[in-house]
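Report on one structure; see the data block that follows.
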């Protein structure tokens, strides 16, 4: 959710509170969740930690509907023009997907796109 917030520049509840936006966001989040769970399964995590993507999204939805306006620290960093934890959060997930030969096109697209954002933030700090 944090990386999706950075990509869209919106608080987490925006993915669930706006009915029109929710249709596309839910589909994207379902794909992302499916890719994440596939990495977990391929890496040998116990099956009790790997749930149905729809159930997981529903739990996210219920949680974030009660956190109106909540912005993850990564989004706060982006908004403030600071580099954020791209490598530690999403970069590592992408590396694990590649390590276990799990196709993760949506996560890779997010990572590649956010890597451009991250690079601009780093250059802005360096060139101050």
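Numbering (the numbering used here), first residue to last: 29 to 156.
Built from N, CA and C at the ideal position, the CB exists for glycine as well.
Treat the numbers as computed from the prediction; the structure is a model and nothing was measured.
- Assignment of residue 110 by DSSP, reduced to helix, strand and coil, places it in the coil class.
- Here residue 98 carries a coil assignment [DSSP, helix/strand/coil].
- Residue 126: member of the alpha helix (DSSP H) spanning 120 to 127, first to last residue.
- When secondary structure is reduced to three states using DSSP, residue 37 falls in the coil class, being assigned neither helix nor strand.
- The beta carbon of residue 109 sits closer than 7 Å to those of 149, 152, all from its chain and outside the five residues before and after it, given in chain order.
- With contacts defined by Cβ atoms closer than 8 Å, residue 34 and residue 43 do not form a contacting pair.
- Residue range 133 to 154 is occupied by the alpha helix (DSSP H) that includes residue 143.
- In its chain, beyond the 5 residues on either side, 34, 37, 112, 145, 149 have a beta carbon closer than 8 Å to the beta carbon of residue 106.
- Taking the CA atoms as reference points, residue 119 sits about 22 Å from residue 84.
- If you look at residue 116, you'll find it isn't in any alpha helix (DSSP H); DSSP assigns it neither H nor E.
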